[in-house]
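Notes for the one structure printed next.
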Amino acid sequence: MKIALIGYGKMGKEIEKIALERNHEIVLKINSQNVNQITSNDLKKADVAIEFSTPHTVLNNIYTCFDAKLPIVVGSTGWYDDFEKVKQDCSKGNNSLFYASNFSLGVNLFFKINKQLAELMNKYTEYEVSMEEVHHIHKLDKPSGTAITLANQIIEKIDRKKNWSISNKNSDTLFIKDIREGEVPGTHIIKYHSEIDDIEIMHKAHNRKGFALGSVVAAEFLKGKKGIFTMDDII
410 MKIALIGYGK MGKEIEKIAL ERNHEIVLKI NSQNVNQITS NDLKKADVAI
460 EFSTPHTVLN NIYTCFDAKL PIVVGSTGWY DDFEKVKQDC SKGNNSLFYA
510 SNFSLGVNLF FKINKQLAEL MNKYTEYEVS MEEVHHIHKL DKPSGTAITL
560 ANQIIEKIDR KKNWSISNKN SDTLFIKDIR EGEVPGTHII KYHSEIDDIE
610 IMHKAHNRKG FALGSVVAAE FLKGKKGIFT MDDII
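Residue numbers (my numbering): 410 to 644.
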């Protein structure tokens, strides 16, 4: 399979390594130095694009791939306010999009555990739920896309929580403590606290390999398909 890498930083290089190990070919590498090469003609050299750029460039990259009729796997976060429009335009143009707030298999299993625990804890109102997420200092969006997914799952299952915030600690708000330090790949902690005890679940990434592998597997899955897909379709 021929892959275009849109975003060739640390994640892009990890994706490249795994893609080559799985006998794929990298035909295009886009970073801030050669962004002018994201054209339909250049993209048509590839079978699929894997996009890990920034919240500021991701939408343009998605639509450029749509114009080129190139299936795209999107790992960038921070654009989900525009998701409904992107979804409509993807369907209207008969395009292919695979998106996930996190491509790690472990994180996606963690999502399922989080939903089950939140459903169980809904009736135990003496427990206050909160979240903490830690990422490297280069991450631009706060909170992380993974944290937002976890938060939305909790809000869906726990009646006493109506929204989430990184600053508001009202009783009906799920507070997310966001920390940016060092080169932390990603840690997410869900805590249920009461006067008697605490219940915690945590996912801690040791490196970027899980995210990179998941994105390559998603690209393999997406090739030849039309529509919008997520990690649920793989798991």
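Every residue gets a Cβ at the ideal spot worked out from N, C-alpha and C, and that includes glycine.
State the Cα-Cα distance for the pair S441 and T466, rounded to the nearest angstrom. Residue mapping note: residue 441 aligns to position 32 of the sequence shown, counting from 1. Residue mapping note: residue 466 aligns to position 57 of the sequence shown, counting from 1. Whole-angstrom Cα-Cα distance: 10 Å.
Go to M530, then tell me how far its alpha helix (DSSP H) extends in each direction, as first and last residue. As a working mapping, residue 530 is identified with position 121 in the sequence shown. Per DSSP, M530 belongs to the alpha helix (DSSP H) from L514 to M530.
Determine, using beta carbons only, whether D587 and E542 come nearer to each other than 7 Å. Here residue 587 refers to the residue found at position 178 when the sequence shown is read from its first residue. Here residue 542 refers to the residue found at position 133 when the sequence shown is read from its first residue. A contact, by the Cβ cut-off of 7 Å.
Look at the Cβ atom of L631, then the Cβ atom of S505, and state whether they are nearer than 7 Å. Your numbering for residue 631 matches position 222 in the sequence shown. Your numbering for residue 505 matches position 96 in the sequence shown. Yes.
In whole angstroms, what is the alpha-carbon distance linking N561 and G487? Numbered from 1 along the sequence shown, position 152 holds the residue referred to as residue 561. Numbered from 1 along the sequence shown, position 78 holds the residue referred to as residue 487. Cα to Cα, the separation comes out at about 15 Å.
I need the straight-line Cα distance from Y508 to K634, nearest angstrom please. Here residue 508 refers to the residue found at position 99 of the sequence shown. Here residue 634 refers to the residue found at position 225 of the sequence shown. One C-alpha to the other measures close to 14 Å.
Beta-carbon within less than 6 Å of S603's beta-carbon, same chain only, minus the 5 sequence neighbours each way: which residues are those? Reading the sequence shown from its first residue, position 194 is the one you call residue 603. So the qualifying residues of the chain are E535 and Y536.
Quickly, what does DSSP pair Y601 with across the bridge? List them, please. Residue numbering aside, residue 601 sits at position 192 when the sequence shown is read from its first letter. Bridge partners of Y601: V538 and I608.
D642 lies in the beta strand (DSSP E); which residues open and close that run? Mapped onto the sequence shown, residue 642 falls at position 233. From DSSP, D642 is part of no beta strand (DSSP E) but of the alpha helix (DSSP H) over M640 to I643.
Skipping 5 residues on each side, what residues in its chain have a beta carbon closer than 7 Å to that of V380? Since the first and last residues shown for the chain are 410 and 644, residue 380 lies out of range.
Give me, in chain order, the residues of the same chain whose beta-carbon lies closer than 6 Å to that of I567; leave out the 5 immediate sequence neighbours on both sides. Locating residue 567 in the sequence shown gives position 158, counting from the first residue. Closer than 6 Å at Cβ, skipping near neighbours: A527 and N531.
Exposure label - M611; buried when at least 16 CB within 10 Å: In the sequence shown, counting from the first residue as 1, residue 611 sits at position 202. With fewer than 16 Cβ atoms within 10 Å of its Cβ, M611 is classed as exposed.
Hey, out of G502, D491, E493 and K494, whose CA is closest to C474's CA? For the purposes of this step, residue 474 is identified with residue 65 of the sequence shown, where counting begins at 1. It is G502.
Anyone know if the C-beta pair for E460 and S500 falls short of 7 Å? The count along the sequence shown starts at 1 and reaches residue 460 at position 51. The count along the sequence shown starts at 1 and reaches residue 500 at position 91. No.
Under the three-state reduction of DSSP, which class applies to D491: helix, strand or coil? Reading the sequence shown from its first residue, position 82 is the one you call residue 491. Under the three-state reduction of DSSP output, D491 falls in the helix class.
Neighbour-count burial assignment, I439, 16 or more Cβ in a 10 Å radius: Start at 1 with the first residue of the sequence shown, and residue 439 comes out as number 30. Its Cβ being crowded by 16 or more others within 10 Å, I439 is buried.
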